[in-house]
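Accompanying notes for the structure given below.
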Amino acid sequence: MTQTLASRVSGPVYTPSDAGYAPECAGFNVLVQHTPQYVVAVKSTQDVAEAIRFARENKLPVAVQATGHGTYASVTSGVLISTKALNQVSIDAAARTATIGAGARWEPVIAEAAKHGLAPVAGSSTNVGVVGYLLGGGLGPLVRSHGVSSDYVVGYTVVTSDGETVQASAEHHPDLFWALRGGKGGLGIVTEVKLKLVEMRTLYAGSLFFEEQHIEAVLRGWVKWTSEADARVSTSIAVMRFPPFDFIPPPLRGRTVINLRFAYPGSTEDGAKFAAPLRALAPVYLDMLGELPASQLARIHNDPDQPSPVWTNGMMLTHVDQDFAATVLRHVGAGVQTPYFMMEIRHLGGASWKDVAGGSAVGGRGGNFIIGLVGMHPPLFDTVLPGATQGLRAELKPWLSPEMTINFMGKVQSPEQFDSAWPDAIRAKLKDVRGKYDPHKLFAK
């Protein structure tokens, strides 16, 4: 069957015995090892269509991977469609749009848009794949000023489980377009996205680092500050425990810090005024906050850009207060032994509360804050981190939101948990749309 599949596509087809198989299967999370029967390194939308038709004819499941970010479960059978080669990026400066292939990361989109004084409403990591991020909605560093990233999608090129290529937009296949803006998987394979850009040459953004002994003062101060924060200012706060490894910058190597991330898409003068109360919370250890070219958006969060072992989890919150801060400090305060590399709390709201015309499938739009938990020491992944998180979740019950968003869910343990990322009305509509466009149940969700 390998020869038959290879004759139908222009990109290479690999099986487990082939030299190119492992590199094509590899993603960002090095602990996830895919072992499908076939991996197809597609070079075109037509390749995707032929691979899907082949899989359906042979009753094989289909999975897709670009960068492998957000991948926590191994693909162990069927056909894995690798879209890495679909990495084209083009900018229409007059229309203020970007057309982006399914394998492209945010970094080249940001770089190309910046040449025209434009910027995408991107995620915190510019190393993440654009399409996978947008399919889950996207709560990036500009979330309060500009809203959910998928709100800026103009249209998708999608291959359905019938092997048909459709253009999904507000005018064409609007039900599929609705679902693809936040509904994640099980709908088809996106090969290209068209995205609205915003005018932005610079912003006042970056981060402040405070030493471990100031964790409590900074956390409590930030919690109080968020109650009156300007809707145009997006912030998050993260307690981070850096290992003593050579690749860590010397000022952070082996240290525990609290990192306050800040983004204001306006003047330096106004940004500095908004940030002044945060700078005054405690002595600043590293001040990396100031006027920032839009091309350097990644400097706000400084997320890692090299493949690594990673464990993540998250929970959405209705509100925060000083009792919440006290609870969090018992888990990640100064001197506390914790299995987490990082606990981050992002302030949501502002523009993210407003849905797009016609609606979207984004889950968690009504949330006020979201916690992201990250582990990077593999021996802790199976029991220690899940156990600690279960205990944390129980203690945070007074602040937990019934809402969630799929991009922060981490490893999904069951279909029921996957479905819980959306409220009832959205979940029911997503089920109908998935049934319409993937009646064969070919695609992994």
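Per this note's numbering, the sequence shown starts with residue 875, numbered consecutively.
Here a beta-carbon is modelled for each residue, glycine too, at the ideal position from N, C-alpha and C.
For residue i, report the span of its alpha helix (DSSP H) as first-last.
i, result
"Tyr895", "Tyr895 to Cys899"
"Ser881", "Run containing Ser881: none; DSSP gives neither H nor E here."
"Asp926", "It is worth fixing the name first, because residue 926 is Ile in this sequence and not Asp. Its alpha helix (DSSP H) spans residues Thr919 to Glu931."
"Tyr1007", "Val1004 to Leu1009"
"Val1017", "Val1017 to His1020"
"Trp1227", "Careful: Trp1227 lies outside any alpha helix (DSSP H) and carries neither H nor E."
"Gln1291", "Pro1289 to Asp1293"
"Gln1264", "Val1258 to Glu1269"
Would you identify the three-state DSSP class for residue i, choosing helix, strand or coil?
i, result
"Tyr1026", "helix"
"Gln1041", "strand"
"Pro1167", "strand"
"Leu1134", "strand"
"Gly1056", "coil"
"Phe1051", "helix"
"Val1032", "strand"
"Thr1186", "strand"
"Ala993", "strand"
"Asn1281", "helix"
"Val906", "coil"
"Gly1249", "strand"
"Pro1151", "helix"
"Asp892", "coil"
"Phe1198", "helix"
"Ala985", "helix"
Just to confirm my understanding: we take residue i, look at its own chain, exclude 5 residues before and 5 after, and list those with CB closer than 6 Å. What are they?
i, result
"His1047", "Val1040"
"Met1114", "Val1131, Asn1133 and Met1216"
"Val1064", "Ala976, Val1005, Tyr1030 and Val1032"
"Leu1254", "Pro1213"
"Asp1049", "Val1307"
"Ala1112", "Asn1133, Met1216 and Glu1218"
"Gly1056", "Gly1011, Ser1024, Ser1234, Ala1235 and Val1236"
"Met1190", "Gly1238, Gly1241, Ile1244, Ser1275, Glu1277 and Met1278"
Using a Cβ-Cβ cut-off of 7 Å (strictly less than) and excluding sequence neighbours within five positions of residue i, which residues of its own chain qualify?
i, result
"Glu1165", "Thr1076, Tyr1078 and Thr1142"
"Ala880", "Val887"
"Trp1099", "Pro1151 and Leu1152"
"Ala1053", "Leu1061, Ala1235, Leu1304 and Val1307"
"Val904", "Pro1181, Ser1182 and Pro1183"
"Phe1282", "Gly1188, Ile1244 and Gly1246"
Could you pull the DSSP bridge partners for residue i from this structure?
i, result
"Leu1191", "Phe1243 and Leu1274"
"Ala972", "Ile965 and Leu1069"
"Val1210", "Per DSSP, none; premise fails for Val1210."
"Arg1220", "Ser1110 and Ile1244"
"Val953", "Tyr912 and Val936"
"Leu1160", "Phe1083"
"Arg979", "Gly1003"
"Phe1317", "Val936"
"Val887", "Val914"
Only counting the same chain, and skipping five residues up and downstream in sequence, which positions put a Cβ closer than 8 Å to that of residue i?
i, result
"Pro1157", "Phe1084, Glu1085 and His1088"
"Leu1316", "Ile926, Ala929, Arg930, Pro935, Val936 and Ser1035"
"Glu1038", "Ala923"
"Ala915", "Gly885, Pro886, Val887, Tyr888, Gly894, Glu898, Ser956, Lys958 and Ala959"
"Thr950", "His908, Thr909 and Pro910"
Starting from residue i, follow the beta strand (DSSP E) in both directions and report where the run begins and ends.
i, result
"Lys1068", "Ile1063 to Lys1070"
"Val1307", "Element bounds for Val1307: not the beta strand (DSSP E) but the alpha helix (DSSP H), Asp1298 to Tyr1311."
Taking only runs of the alpha helix (DSSP H) that begin and end inside the region 1067-1131, which ones reach a length of at least 4 residues, in chain order? 1089-1100, all fully within the region 1067-1131.
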